[in-house]
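Q: First the structure, which I've put down as C-alpha cells, then a few questions once you've had a look.
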Ligand code: ARG
C-alpha cells in the first residue's frame, strides 16, 4: 500500500487504540496546513468526556518515535493532529513504488473472476452514443480489474436475435445479398434497418413473409440461418471498425450475443417452474420478484415467456446469469448499461437470487451512466436530426486533432502527425466521457475536449510528452535514472512525491466505485503538480549533478505514473506531440 496517508492512518490507529481502545475511529485527511490531518481525538474526547487536546497529546506519546515517517507533528485547534511527512520517508517510499511493476498499486486481496458485460450494440442498427459510453467505460473497468489482478471475461452481449430479424432477412433477400452486404459493410446500418421497417409497415405481403421468416429462423432452417449470419457478420465488421478506431480491447472472441443463449432459454423456464417461482399472468409466464411494485402498488412481473411462446429480453439475461455463474464461475457480474435499464437489471438480479443462480458472494453490479447531450442540452443528434454515426464522429475527432497539432507543432513529420492525431483525437473523446461522473449527463463539446488546457486528454498527454522531452534534451536514457534515489527538498518536490504515491488509492478509489472520473481527477492533479514542480525546480539547470539526476528521476516517475494511468483509461500517451 503506497499511499502515505494510509501509512499514517495505520501507524496512528495503533496509538489511538492504546489510548482509547475500540472507541477510537481516527480518520486521516489531506490538509491545507500540513500533508495530513488526523481528527480522531475529538470523537474520543466526546465519548470519554475528556479534553480533546489532552487525548491528542496522549496519542502522540503512545505513537512514540515516528521520525522515520514524519518530520513534524502538531496539535492544532481543538485537537487535530497535523502531520508533515519526512522527505526521506517519501524518497524511500517512492523508490520502492517505482521498482514495483504496478507502480505501488496493491493487488486485490482476493482474486475474483469478473464478467463484464459492455458495449452490446444491436445487429443492423447504428451504434448510438449510449453504446459509445458503455464501450469506453466498460473497457476502462476491464483494465482496472485486470491491473489489480482479477480475472476478467469480456462479454459483448450484442442484440442479434428476436422478431425484427424476420423483416431484416426478407429485406436482405430483396436487396440481394451482395448489395446488402456492401451497404452494411460501409456502416449504413440505420439506412438498412429503416428500409426494412418501411417495407414491413407498408407492404402486407412483405409483412407475411417477415413473420414466416421468424418462424424459420427459430426452427433453425439452414438457409435462414445463413442469411442471418450474413447480417450478423456484416454488422460486427462495422462494430470492429469502431472498436479499432476507439482503441478498445473488444474482439470477435468477446461476442456473446443474445442468440448464444438460445439453448438455455427453455431450461430457464423449467428451472423457474421447478423453483415454484413461475406464475401465469395475462397468458404469459412471469415471475413476481419480491419488492417490485408498479405505480398503483401492484406487484410488478418480470415476463419470462410471452403468451405466443416467445422468450423475452429478461429471459436471455437470466440465461446469462446462469451461464456466467455456473459455466464461467464468475462471482462479479458487471453490467455497463445505461441508467434506463436499472429496473430491468435489478429485477433480473432479484429473480436470479430467488432461483438460487446468484448466491453471495456472487453478485450483480449495474454500472449505470447518463446521456450524451448536444450543445442544445438535448440528446446528441446529427445535424440531420438522426442518430450520430459513431465512426464518422471518431474520424472527425482525429481530423480536428490533426489540425490542432499542425498548429502546435508544424515541424512534426506527416506520418507521425497522423499517429499522434489519432491518439489525441480519440483520447479526447474517451476522456471527455470518462472524466465526468458517469451517472450524470454530459455535453459533447469539441472545443473543450480538444483543448490543451484544463482537465482534458490533450492536457494530460501534453504533460506526459513534456516529461519525455526533458530526456531528449538532456541526451539521457530514461532507464538510466531509475536507480537514482530522489532527493526531496523543495515543497514542490515534496508535493509531487506524495501525489505520485497516491496512485494506489486513486486506482482503488476508481475501481471500488466503478468511477473512472476519480482516476481522471487524480491524473489531472498529478499533471498540475508536475507543472508546478517543473516551473519552480530547474531540472536540466539544477545546481548540482546530484540534484539534476534526482529531478530527472522525478520526471521519469511522473511520466510513468501518468502513462500508466492514461493506459488504464484506455488512452495512449505519445512521447512527442
Ligand atoms: N443491446 C442492448 C441495448 O442496445 C444492451 C444489452 C446490455 N446487456 C445486457 N446483458 N442486457 O440496449
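In the numbering used here, the protein residues as written are 542 to 1118.
Beta carbons: idealized from backbone N, C-alpha and C, even for Gly.
Bear in mind that the values here come from a model prediction, so they are computed numbers and not experimental data.
Among all the DSSP beta bridges, which residues are the ones paired with residue 692?
A: Answer is 654, bridged to residue 692.
Q: Specify the secondary structure class of residue 846 as computed by DSSP and reduced to three states.
A: Three-state result, residue 846: strand.
Q: Could you give the C-beta distance for residue 1078 and residue 1034, rounded to a whole number, given that I count them as a contact under 8 Å?
A: Sure, about 6 Å apart at Cβ, within 8 Å.
Q: Can you give, in chain order, each stretch of the alpha helix (DSSP H) that sits fully within the segment 723-802 and has at least 4 residues?
A: Listed in chain order, the complete alpha helix (DSSP H) runs (minimum 4 residues) inside the segment 723-802 are 730-743, 745-759, 763-787.
Q: According to DSSP, is residue 611 part of a helix, a strand, or is it coil?
A: Strand, per DSSP.
Q: Between the C-alpha atoms of residue 874 and residue 902, what's the straight-line distance to the nearest angstrom?
A: The straight-line gap from Cα to Cα measures roughly 11 Å.
Q: Kindly give me the distance between the Cβ atoms of residue 586 and residue 593, rounded to whole angstroms, as I take these residues to be in contact under 8 Å.
A: Rounded, the Cβ-Cβ distance is 4 Å, consistent with contact.
Q: On a Cα-Cα basis, can you pick out the residue from 949, 672, 1086, 745 that is closest to residue 708?
A: Of the candidates 949, 672, 1086, 745, the one whose C-alpha sits nearest the C-alpha of residue 708 is 745.
Q: Comparing the CB of residue 839 with every heavy atom of the ligand ARG, is any distance shorter than 6 Å?
A: Not under cutoff, so the answer is no.
Q: Please determine if the segment 613-628 and the segment 638-645 are in contact, where contact requires at least 3 C-beta pairs separated by less than 8 Å.
A: These segments do not touch.
Q: Helix, strand or coil for residue 564, going by three-state DSSP, please let me know.
A: Here residue 564 sits in helix by DSSP.
Q: I'd like to know whether the C-beta atoms of residue 692 and residue 654 end up nearer to each other than 7 Å.
A: Yes, the pair counts as a contact, with Cβ atoms nearer than the cut-off.
Q: Under the rule that 16 or more other beta-carbon atoms within 10 Å means buried, what is residue 608, buried or exposed?
A: Looking at its Cβ environment, which holds fewer than 16 other Cβ atoms inside 10 Å, residue 608 is exposed.
Q: I need the straight-line Cα distance from residue 929 to residue 909, nearest angstrom please.
A: Their backbone Cα atoms lie some 21 Å apart in a straight line.
Q: If you drop the 5 nearest sequence neighbours on each side, which residues of the same chain put their C-beta closer than 8 Å to that of residue 845?
A: Contacts found: 809, 810, 813, 819, 825, 826, 827, 828, 852, 853, 855, 856, 859.
Q: List the whole-angstrom C-beta distance separating residue 967 from residue 786, where the pair is believed to meet the contact cut-off of C-beta under 8 Å.
A: Indeed, because the Cβ distance is near 7 Å, the residues count as touching under 8 Å.
Q: Going straight from the alpha carbon of residue 706 to that of residue 766, what length do you get?
A: So the alpha carbons of these two residues sit roughly 11 Å apart.
Q: So for residue 636, helix, strand or coil by DSSP?
A: Looking at residue 636 - three-state DSSP - the assignment turns out to be helix.
Q: Is residue 547 helix, strand or coil by DSSP?
A: Residue state, collapsed to three classes: helix.
Q: Check whether the segment 1064-1074 and the segment 661-673 touch, using three or more Cβ-Cβ pairs below 8 Å as the test.
A: As far as the Cβ criterion goes, the segment 1064-1074 does not touch the segment 661-673, which means the pair count is below three.
Q: Quick one: is residue 1086 buried, meaning 16 or more other Cβ sit within 10 Å of its Cβ, or exposed?
A: Classification for residue 1086: exposed.
Q: According to DSSP, simplified to helix, strand and coil, what is residue 983?
A: Three-state result, residue 983: strand.
Q: Cβ-heavy atom distance between residue 698 and the ligand ARG below 6 Å?
A: Yes, the Cβ of residue 698 comes within 6 Å of a heavy atom of the ligand ARG.
Q: Mapping DSSP to helix, strand and coil, what is residue 923?
A: DSSP places residue 923 in coil when its eight states are reduced to three.
Q: I'd like to know whether the C-beta atoms of residue 974 and residue 750 end up nearer to each other than 7 Å.
A: Cβ distance not < 7 Å, so residue 974 and residue 750 don't count as in contact.
Q: Check the DSSP bridge columns for residue 820 and list the partner residues they point to.
A: Beta-bridge pairing links residue 820 to 827.
Q: Count the other C-beta atoms from every protein chain shown that fall within 10 angstroms of the C-beta of residue 954, then say buried if there are 16 or more, exposed otherwise.
A: Residue 954 comes out exposed.
Q: Given a cut-off of 7 Å, decide if residue 985 and residue 913 are closer than it, judged by their beta-carbon atoms.
A: Contact flag set, yes.
Q: Using the three-state DSSP reduction, which class does residue 645 fall into: helix, strand or coil?
A: Coil, per DSSP.
Q: Can you tell which of 1041, 963, 657, 1076 has its C-alpha closest to the C-alpha of residue 1118?
A: When each option's Cα is compared against that of residue 1118, the closest is 963.
Q: Assuming residue 905 is part of the beta strand (DSSP E), what are its boundary residues?
A: Residue 905 -> beta strand (DSSP E) spans 904-908.
Q: Quick one: measure Cβ to Cβ for residue 795 and residue 697, integer angstroms, because I've assumed they're closer than 8 Å.
A: Confirmed, Cβ separation roughly 5 Å.
Q: Would you mind giving the Cβ-Cβ distance between residue 1124 and residue 911, rounded to the nearest angstrom? I have them listed as a contact below 8 Å.
A: The requested residue 1124 does not occur in the structure, where the chain is confined to residues 542 to 1118.
Q: I need the straight-line Cα distance from residue 960 to residue 1108, nearest angstrom please.
A: Whole-angstrom Cα-Cα distance: 16 Å.
Q: What separation, rounded to the nearest whole angstrom, lies between the Cα atoms of residue 721 and residue 669?
A: If I take the Cα positions, the gap works out to 21 Å.
Q: Among 582, 701, 842, which residue has its Cα nearest to the Cα of residue 775?
A: Of 582, 701, 842, the residue nearest in Cα terms is 701.
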